[in-house]
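Residue numbers (my numbering): 1 to 502. Ideal placement from N, C-alpha and C gives every residue a C-beta, glycine not left out. Note sheet for the following structure.
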């Protein structure tokens with residue numbers, strides 16, 4: 001962690017320096033080049049004005065003196081040519097070949113064509129970079145020749161290189177300073193966090209023989225270490241209690257269910273054909289109850305293998321459970337509806353969607369009035385799918401909705417018969433699959449319980465939800481913890497609603 005923090009600080013400092021120094025260097029370089037170009041241009045214009053007056057009034061000696069003095073002052077070369085390109089005056093001696101080639105220089109040719117502006121070029125002669133400027137010489141609107149001024153750019157280049165070197169050295173010094181400070185800070189912050197990591201590894205192995213230090217590092221880390229130690233002690237106690245409960249519950253619940261399934265299997269040969277569907281439904285519900293017990297025990301033991309989410313065909317599971325609950329809703333005079341849109345597979349703990357939907361439908365039936373309705377809505381979301389159960393009951397206050405997922409909590413006005421464990425189980429099963437469970441008021445009264453599940457990353461083979469079953473005796477009126485999402489959904493095309501009559 002120390003290395004990563006140090007690298008983060010240095011990377012941040014380097015980015016800041018790059019964002020500041022590179023633009024600054026380019027701005028300075030451009031400014032220096034512009035300054036040199038403007039100075040050469042102004043000097044050439046000044047010589048051209050002087051040449052126009054000297055040629056007009058017949059004072060060539062003054063022009064020659066002025067050209068030589070100006071070239072000496074700027075450390076460059078100045079040439080004055082006539083309108084046909086013949087050399088008139090030069091600050092330096094030229095060979096015959098150089099004289100002939102002077103009129104063919106591009107900047108001189110452009111100036112003799114009567115261009116209004118200056119022609120600025122950069123050339124390299126003899127390993128030296130020259131900045132040349134050619135401007136026309138005019139008097140009373142007539143072209144009298146051109147002035148070519150050339151200055152070496154070595155001074156400008158040296159100034160630019162010196163600035164870049166200064167910026168680089170300054171940036172390196174800043175990085176060294178940041179590295180020293182960052183190393184001290186990262187060690188101060190990292191040591192107590194490494195101790196926390198060691199304590200967490202020890203706790204993961206089953207015990208906390210050496211608690212994390214609470215006297216080192218920043219105040220936030222010290223408080224975190226103290227909280228971790230308290231949490232670790234509490235977890236050790238809870239895990240010991242839960243382990244004992246899981247062992248006892250496994251024997252007390254699984255053995256009677258196995259015996260019940262065996263008795264139902266033995267009854268199959270003695271049941272008349274017209275009663276076989278009832279026996280099949282009873283066996284299906286027994287199997288589902290056994291899976292539910294396994295899920296509860298898995299949650300109690302917090303076994304990671306049992307809590308691994310798998311792809312679930314959400315539509316098929318919802319249709320199967322609505323078919324199972326249809327008869328009980330019909331007995332109670334409540335309509336059971338299914339609406340929404342087509343959704344794809346979702347991730348959930350095996351058997352969790354059935355248990356979640358059974359608990360929500362049981363809760364909704366307990367608080368529903370005769371001739372009322374309960375609507376199950378499916379919606380696709382950007383991350384997966386959303387399952388909502390909307391009732392028309394009395395609903396819950398904001399405080400009740402906030403506490404509804406607490407274990408063993410029941411609303412003060414809830415009907416008798418509930419245990420307050422339903423929604424706690426719903427929330428745990430939803431979170432175990434990476435989803436979210438919430439409660440919100442429904443439009444027009446009642447409650448909307450929403451389960452948001454994650455989608456399957458790749459397109460998997462759709463899974464079968466299991467054999468169809470019949471409703472159990474859970475659907476009595478009363479309110480356990482419930483969950484909801486938001487306002488009651490707008491009517492959507494039905495996707496296979498189960499509607500019960502009175």
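>> To the nearest angstrom, how far is the alpha carbon of residue 321 from that of residue 231?
In response: Rounded to the nearest whole angstrom, the CA to CA distance from residue 321 to residue 231 is 40 Å.
> Helix, strand or coil: which one does DSSP assign to residue 79?
Replying inline: strand
> Apart from the five residues just before and just after residue 452, which ones in its own chain have a Cβ nearer than 6 Å to its Cβ?
Replying inline: Apart from sequence neighbours up to five positions away, the residues of its chain that approach residue 452 with a beta-carbon distance below 6 Å are 386, 435 and 436, ordered along the chain.
>> On the DSSP letters alone, give me the boundaries of the beta strand (DSSP E) that residue 60 sits inside.
In response: No beta strand (DSSP E) contains residue 60, which is instead part of the alpha helix (DSSP H) from 60 to 74.
> When the Cα atoms are used, what is the spatial distance from residue 111 to residue 98?
Replying inline: 18 Å
> Is the stretch 85 to 93 in contact with the stretch 165 to 174, if contact means three or more CB pairs nearer than 8 Å?
Replying inline: no
> Expressed to the nearest angstrom, what Euclidean distance is found between the alpha-carbon atoms of residue 229 and residue 196?
Replying inline: Taking the straight line joining both Cα atoms gives about 9 Å.
>> By the three-class DSSP mapping on this structure, what secondary structure does residue 94 have?
In response: coil
> Should the stretch 21 to 40 be called in touch with the stretch 147 to 166, which here means at least 3 C-beta pairs below 8 Å?
Replying inline: yes
>> In this structure, how does DSSP classify residue 15 when only helix, strand and coil are distinguished?
In response: Residue 15: helix per DSSP, three-state reduction.
> Just how far apart, CA to CA, sit residue 422 and residue 404?
Replying inline: 10 Å
>> For residue 111, report the span of its alpha helix (DSSP H) as first-last.
In response: 106 to 112
> Whose C-alpha, out of 274, 273 and 282, is nearest the C-alpha of residue 265?
Replying inline: Nearest C-alpha to residue 265: 282.
> What does a CB cutoff of less than 7 Å around residue 430 pick up in its chain, not counting 5 residues either side in sequence?
Replying inline: 356, 436, 437 and 451
>> Judging by CA-CA distance, which residue of 382, 316 and 362 is the nearest neighbour of residue 327?
In response: Check the Cα spacing between residue 327 and each of 382, 316 and 362: the tightest is with 362.
>> What would DSSP say about residue 305, mapped onto helix, strand or coil?
In response: Here the model assigns residue 305 a pLDDT of 42, short of 50, so the residue's position is not dependable and the matter cannot be decided.
> Which ranges would you report for the beta strand (DSSP E) in the stretch 303 to 338 if only whole runs of at least 3 residues count?
Replying inline: 310 to 312
> How about the stretch 33 to 48 and the stretch 174 to 186: do they share at least three Cβ pairs that are nearer than 8 Å?
Replying inline: No, the stretch 33 to 48 does not touch the stretch 174 to 186.
> Just how far apart, CA to CA, sit residue 319 and residue 364?
Replying inline: 17 Å
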